[in-house]
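As they're listed, the protein sequences go chains A and B.
Per the numbering used here, residue 1 is the first one in the first sequence, and the count goes up by one each step.
Per the numbering used here, residue 194 is the first one in the second sequence, and the count goes up by one each step.
One structure below.
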Amino acid sequence: MSIFPLTSSQTVGPFFEPGLLREDARRNVLIQPGTAGERIRIEGRVLDGDGVPVPDAMVEIWQANSHGRYNHPTDQGPAPLDPSFLGFGRSGTTEEGSYWFETIKPGSVPFDGERLQAPHICFTVFSRGLLNHVMTRLYFEDEPSNTSDPVLQCVPEERRATLLARRELVGAVVVYHFDIVLQGTNETAFFNL
Amino acid sequence: MAAVELMANQGDASVPTDNVMRVCSQWLQANQGDARLLTIYGFVLYTVCMSKIAYKSNRNVYYSCKYHVVWCPKYRRKVLMGEVVERLKQIIHEVCQEHEAEVLALDPNFLGIGRCLTNEDGVYRFLTIRPGAYPWKNHPNAWRPAHIHFSVFGPSMLTRLVTQMYFPDDPLHQLDPIMNAVPSEQARKRLIALYDHDVTEAEWALGYRWNLVVHGPDATPFESSEPGGTK
């Protein structure tokens, strides 16, 4: 037992909207005009165990820039920082359970001294009824390096597909579809950290 | 960084029911008996009214009533927003005028949301009002104990935490399913702030101390293997 035991998580209930999703607190658009990298739009829904949309969830993302570096003091990697890219996003969900982000496709981030990770985006999902938030990763279905990603390969093969975002070209916009299923047969693979 | 929501205050036993009823009925009238009255809840509006007649007396007491009227979320709908709020404010002023009551404070003086960065010692501070318990219909006679929602960011995804702070000596704690979702009594106790007289400021505000403990930076092997504080 640690001397300082962790504070327990508690649901925020239905109060994301007034508290954490005000206009000055949400961040669907991560890019600025000067941001380097391939523009992508991420769209998806948060679904419960019955496949019913969760209308009041909150989705947060955290990702590296297009060079594969996090805008964070502990990332002292050699890849350049992009001053116009923070990498943090937050979206609520609509009545249909939908969330969206406009961002860039991240570069590959080192895993250890030798291996690289496939481009991915870290997801945290908060929802009424969840005693603790859940964490997962979005991978890009058209990314060849997925097969060598050490984290993705930890996920049982039959569940890896739940982490792959489906690419679609809508006009000139690259859209990746990524639904998050909280429970049930198609439950998204969540990471227990 | 911490973001806090403070969502509701039901006032005390002296809530002026007649004023509330009047406001509600006038609001209804203004909307042609629209059924939306049922969904008037949905956003907090915090109001303080006080009679213009400063003191009253009877055989035993000499008193001055101050009323706190609060609308708190009953159903999960956003109704008290935009034009509805504006109209409601007008009506509150009209009703108070009619009753010769003075509105001391009316939304937006209390929004219920705060955010601050911790200093190098990890210290944060908020000055707010103490919220009240509110009914939430989860089960018969269900009341949430007074609480404040906390959302905490730290240096990594592991330190992300959303939780609730409670106040000491609240008999509702043991009846609350949300607080009791935390299975250990010790862990539940850690969600309760402690009264601290050193934090209390004279003639101004009672002080509570509540420490949050989040994962340390070396909590998992993933941390050192992937910089940037991801999983």
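C-beta atoms are modelled at their ideal positions from N, C-alpha and C, and glycine is treated no differently.
Nothing here was measured: the structure is a model prediction, and the numbers come from that model.
Open item on the list: Quick check on B:P370 - is its C-beta less than 8 Å from some C-beta in chain A?
Closed with: False, the Cβ-Cβ gap to chain A never drops below 8 Å.
- [ ] Kindly provide the ranges of any alpha helix (DSSP H) runs that are 4 or more residues long and lie completely inside the stretch 90-175 of chain A, ordered along the chain.
- [x] Look at the stretch 90-175 of chain A and you find these whole runs of alpha helix (DSSP H), each 4 residues long or longer: 157-160.
TODO: Using a cut-off of 7 Å between C-beta atoms, extract the partners of B:Q357 located in chain A.
DONE: By Cβ distance, chain A contributes Q10.
- [ ] Report the rounded CA-to-CA distance for A:R160 versus A:N186, giving the unit in angstroms.
- [x] Their backbone Cα atoms lie some 11 Å apart in a straight line.
Open item on the list: 8 Å is my cut-off, CB to CB: does A:G107 come that close to chain B?
Closed with: No Cβ of chain B is located within less than 8 Å of the beta carbon of A:G107.
Task: Residue closest to B:W397, alpha-carbon to alpha-carbon, out of B:E291, B:T321, B:T356, B:P338 - done: Per the Cα distances, B:T321.
- [ ] Would you list, in sequence order, the uninterrupted beta strand (DSSP E) runs of no fewer than 3 residues that lie entirely inside the stretch 282-368 of chain B?
- [x] 294-299, 306-309, 340-345, 354-359, all fully within the stretch 282-368 of chain B.
Task: Inter-residue CB distance, B:P324 and B:A335 (contact presumed, cutoff 8 Å) - done: With 8 Å as the limit, B:P324 and B:A335 do not qualify as a contact, their Cβ atoms being about 16 Å apart.
- [ ] Would you please state the rounded distance, in angstroms, between the beta carbons of A:I42 and A:W100? I believe it to be under 8 Å.
- [x] So it is a contact: roughly 6 Å between Cβ atoms.
Open item on the list: Please identify the residue among A:L169, A:A172, A:N65, A:A189 whose C-alpha is closest to the C-alpha of A:P78.
Closed with: Nearest of A:L169, A:A172, A:N65, A:A189 to A:P78, Cα basis: A:N65.
Open item on the list: I want to see whether chain A comes within less than 8 Å of B:S250, judged by CB atoms only; does it?
Closed with: The beta-carbon of B:S250 is placed no less than 8 Å from the nearest beta-carbon of chain A.
TODO: Please determine if the stretch 123-138 of chain A and the stretch 12-28 of chain A are in contact, where contact requires at least 3 C-beta pairs separated by less than 8 Å.
DONE: Taking 8 Å as the limit for Cβ pairs, the verdict is that the stretch 12-28 of chain A does touch the stretch 123-138 of chain A.
Task: Any chain B beta carbon closer than 8 Å to A:P33 - done: Output row for A:P33: interface = no.
TODO: Decide if B:A223 is buried, meaning its Cβ has at least 16 other Cβ atoms within 10 Å, or exposed.
DONE: Confidence at B:A223 is low in this model, with a pLDDT of 32, below 50, so the placement of that residue is unreliable and no value is reported for it.
Task: Touching by the beta-carbon criterion (3+ pairs, under 8 Å), the stretch 153-171 of chain A and the stretch 135-145 of chain A - done: Yes, the stretch 153-171 of chain A is in contact with the stretch 135-145 of chain A.
Open item on the list: Closer than 8 Å is the cut-off here; do at least three beta carbon pairs connect the stretch 351-370 of chain B with the stretch 104-113 of chain A?
Closed with: When Cβ pairs closer than 8 Å are counted between the two stretches, the stretch 351-370 of chain B is seen not to touch the stretch 104-113 of chain A, the count staying below three.
Task: Cα-Cα separation between A:E38 and A:V54, rounded to whole angstroms - done: Near 30 Å, if we compare the C-alpha coordinates of A:V54 and A:E38.
Task: Option nearest B:P328 by Cα separation, candidates B:L368, B:N404, B:R318, B:N312 - done: Checked all of B:L368, B:N404, B:R318, B:N312; the closest Cα to B:P328 is B:L368.
- [ ] Measuring alpha carbon to alpha carbon, tell me which of B:V345, B:E287, B:E291, B:C289 ends up nearest B:T311.
- [x] Of the candidates B:V345, B:E287, B:E291, B:C289, B:V345 places its Cα closest to the Cα of B:T311.
Open item on the list: Is there a Cβ of chain A sitting closer than 8 Å to that of B:V407, yes or no?
Closed with: Between B:V407 and chain A, the shortest Cβ-Cβ separation is below 8 Å.
Task: Simplified DSSP assignment, three categories, for B:A374 - done: In this structure, B:A374 counts as helix in the three-state DSSP scheme.
Open item on the list: Would B:M372 and A:M135 be called neighbours here (beta carbons separated by less than 8 Å)?
Closed with: No, the pair does not count as a contact, with Cβ atoms beyond the cut-off.
Task: Enclosing beta strand (DSSP E) for A:E43 [first to last residue] - done: Annotation: the continuous beta strand (DSSP E) that includes A:E43 extends over 39-47.
TODO: Can you grab the Cα-Cα spacing for the pair A:S91 / B:R252, in whole Å?
DONE: Looking at the backbone, the Cα of A:S91 and that of B:R252 are separated by about 60 Å.
Task: Cβ of B:R383 within 8 Å of any chain A Cβ - done: Yes - at least one Cβ of chain A is within 8 Å of the one on B:R383.
- [ ] Whole angstroms is fine: what's the gap from B:E291's alpha carbon to B:Y255's?
- [x] So the two alpha carbons sit approximately 24 Å from each other.
Task: Cβ neighbours of A:G49 in the same chain (closer than 7 Å, five flanking residues each side left out) - done: Excluding positions up to five away in sequence, the list reads L182, Q183, G184.
Open item on the list: Since B:I285 and B:V296 should fall inside the 8 Å C-beta cutoff, what is the C-beta to C-beta distance between them, to a whole number of angstroms?
Closed with: Right, the Cβ-Cβ distance comes to about 7 Å (below 8 Å), so this counts as a contact.
Task: Buried versus exposed, by CB contacts within 10 Å (16 or more), B:N404 - done: With fewer than 16 other Cβ atoms within 10 Å, it is exposed.
TODO: Flag B:Y234 as yes if its beta-carbon sits less than 8 Å from any beta-carbon of chain A, otherwise no.
DONE: Here B:Y234 scores only 27 on pLDDT, less than 50, and its place in the model should not be relied on; the value that follows carries that caveat. No, no contact with chain A.
Task: Boundaries (first-last residue) of the beta strand (DSSP E) holding A:E60 - done: Taken as a continuous stretch (DSSP letters only), the beta strand (DSSP E) holding A:E60 covers 58-62.
Task: Alpha-carbon spacing of B:A386 relative to A:T7, whole angstroms - done: One C-alpha to the other measures close to 12 Å.
Open item on the list: Report the CB separation of A:S108 from A:G44 in whole angstroms; it is logged as a contact under 8 Å.
Closed with: The Cβ separation is near 23 Å, so there is no contact.
Open item on the list: When you compare the CB of B:V296 with every CB in chain A, is at least one pair closer than 8 Å?
Closed with: Chain A contact via Cβ: absent.
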